[in-house]
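Before any comments, here is the structure.
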Ligand SMILES: [Zn+2]
């Protein structure tokens, strides 16, 4: 590609500030390597006036209240709010965002930070009319692909390959439901990530997003594609449109009733003794099948004191685990290290260990702490809607193609 074309494309990208994949990709080399943890906000000062006073939106504030703190009488505040309305209604202000009052030689200026890339500017023209204008930061985006085979550790090899820490964390997050990063990574596992970074006109990184990624873990390939649905919700899906996040079954067993609920080990004020119950007891007939509530790996299978026949499953990269006790017997093939799928039968209700009748004692742990299984709330992890599926497939195919193309040639253009 000629220098002239590159320059033209960079200019276009600057003018439109949009994530044009190809346009952005041509300028991979020239951008700085600098990485910031958080998106840096465009500041009210960027609007050109000398800032004299800044007020942050607090809980319960209205634009009127803040403008009064900035020294405007209520009639003037009303004028400002009215002038802003067609550009950005100041009913929509957010806690933590800043208002600023400043001045140039000839004007009074009030600014409000709408978001990371926009400031609403209001100028008092000739002392009587307020004029509103939205100042947008020029953002240039670039798309890059990084791939690596794990020789040492994910963090080491990914950093060496040029993936910033924040993107490594995002990658881990993305596949956390399918891959146990703490225990299951092996030498020879590999990944490929296509991501977009945004830079402001000073070359500072102001945002980053994974667009698509694939991860090969012990021969199994997982793929994730970022997709924004028609409602504006953004999630990662596999190439079939299944959500990479998972949800758990509501209960592991068809039960007749809950015979004992979750209690923490607080001294009972009346009975005077401490008795914790770290799970839920589901009364059910002996022999009723017990299902794994989510995909995961069996980390314990065997007799465990009062629990009797016991299975523990690690889910979601070890953030969650579930335990199933008092089984009459295990399902065929259960063993430590085995992967189970959501809904798989792992055993059958019984009363082994310390139990007065047949029931399933079920525990749910989150980061090692027992929580009430009946209070675990799950964000529904819905697949791509049927009516959007063909649009999604098209996009997924395109993203994966781009990622593959990029990898073969090292760079585009
Ligand atoms: Zn119990």
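Residue numbers (our numbering): 1207 to 1619. We put the CB at the ideal spot given by N, CA and C, even for glycine. Here the structure is a predicted model, which is why all the values come from computation and not from measurement.
Does the Cβ of residue i have 16 or more other Cβ atoms within 10 Å, making it buried, or fewer, making it exposed?
i: residue 1417; result: buried
i: residue 1487; result: buried
i: residue 1383; result: buried
i: residue 1360; result: buried
i: residue 1523; result: buried
i: residue 1306; result: buried
i: residue 1236; result: Residue confidence is low: residue 1236 scores 30 on pLDDT, short of 50, so the model does not pin down where it sits. Its coordinate-derived value is still stated next. It counts as exposed.
i: residue 1553; result: buried
i: residue 1450; result: buried
i: residue 1373; result: buried
i: residue 1429; result: buried
i: residue 1371; result: exposed
i: residue 1377; result: buried
i: residue 1508; result: exposed
Under 6 Å Cβ to Cβ from residue i, same chain only, skipping five residues before and after it: list those, please.
i: residue 1296; result: 1269, 1287, 1290
i: residue 1611; result: none
i: residue 1397; result: 1421
i: residue 1338; result: 1289, 1290, 1293, 1328
i: residue 1547; result: 1501
i: residue 1440; result: 1434
i: residue 1570; result: 1528, 1577, 1579, 1582
i: residue 1225; result: Below a pLDDT of 50, predicted positions are generally treated as unreliable, and residue 1225, at 36, falls in that range; the measurement from the model is reported next regardless. Excluding residues within five positions, the ones whose Cβ falls inside 6 Å are 1347, 1402.
i: residue 1544; result: 1504
i: residue 1260; result: 1304, 1306
i: residue 1466; result: 1483, 1487
i: residue 1599; result: none
i: residue 1589; result: 1447, 1448, 1449
Leaving out five residues on either side along the sequence, give the residues of the same chain with a beta carbon under 7 Å from the beta carbon of residue i.
i: residue 1264; result: 1301
i: residue 1591; result: 1435
i: residue 1607; result: none
i: residue 1240; result: Since pLDDT at residue 1240 reaches only 31, below the 50 mark, its modelled position is unreliable, and no value is offered.
i: residue 1506; result: 1516, 1517, 1518, 1542
i: residue 1460; result: 1490, 1494
i: residue 1594; result: 1435, 1436
Look at the alpha carbon of residue i and the alpha carbon of residue j, and state the distance between them as a whole number of angstroms.
i: residue 1252; j: residue 1415; result: Residue placement at residue 1252 cannot be trusted, given a pLDDT of 44 that sits under 50; what the coordinates show is reported in the next sentence. Spanning the two alpha carbons is a distance of roughly 25 Å.
i: residue 1454; j: residue 1426; result: 22 Å
i: residue 1604; j: residue 1325; result: 34 Å
i: residue 1332; j: residue 1340; result: 20 Å
i: residue 1530; j: residue 1356; result: 35 Å
i: residue 1281; j: residue 1335; result: 13 Å
i: residue 1485; j: residue 1521; result: 17 Å
i: residue 1431; j: residue 1448; result: 10 Å
i: residue 1597; j: residue 1537; result: 42 Å
i: residue 1516; j: residue 1534; result: 10 Å
i: residue 1602; j: residue 1445; result: 6 Å
i: residue 1279; j: residue 1316; result: 14 Å
i: residue 1395; j: residue 1609; result: 18 Å
i: residue 1572; j: residue 1267; result: 37 Å
i: residue 1423; j: residue 1495; result: 31 Å
i: residue 1258; j: residue 1342; result: 22 Å
i: residue 1366; j: residue 1375; result: 15 Å
i: residue 1456; j: residue 1563; result: 23 Å
i: residue 1299; j: residue 1438; result: 20 Å
i: residue 1549; j: residue 1362; result: 36 Å
i: residue 1358; j: residue 1419; result: 20 Å
i: residue 1318; j: residue 1262; result: 10 Å
i: residue 1354; j: residue 1389; result: 19 Å
i: residue 1312; j: residue 1285; result: 19 Å
Is residue j closer than 7 Å to residue i when the C-beta atoms are compared?
i: residue 1532; j: residue 1558; result: yes
i: residue 1519; j: residue 1498; result: yes
i: residue 1400; j: residue 1442; result: no
i: residue 1314; j: residue 1330; result: yes
i: residue 1566; j: residue 1512; result: no
i: residue 1503; j: residue 1587; result: no
i: residue 1492; j: residue 1555; result: yes
i: residue 1482; j: residue 1469; result: yes
i: residue 1368; j: residue 1349; result: no
i: residue 1387; j: residue 1458; result: no
Leaving out the 5 sequence neighbours to the left and right, which residues in its chain are closer than 8 Å to residue i when beta-carbon positions are compared?
i: residue 1283; result: 1269, 1270, 1273, 1274
i: residue 1514; result: 1531, 1532, 1533, 1556, 1557, 1558, 1559, 1560, 1561
i: residue 1391; result: 1356, 1359, 1360, 1385, 1423
Any heavy atom of ligand 1 within less than 6 Å of residue CB: hits in chain order: 1466, 1483, 1485, 1487, 1567
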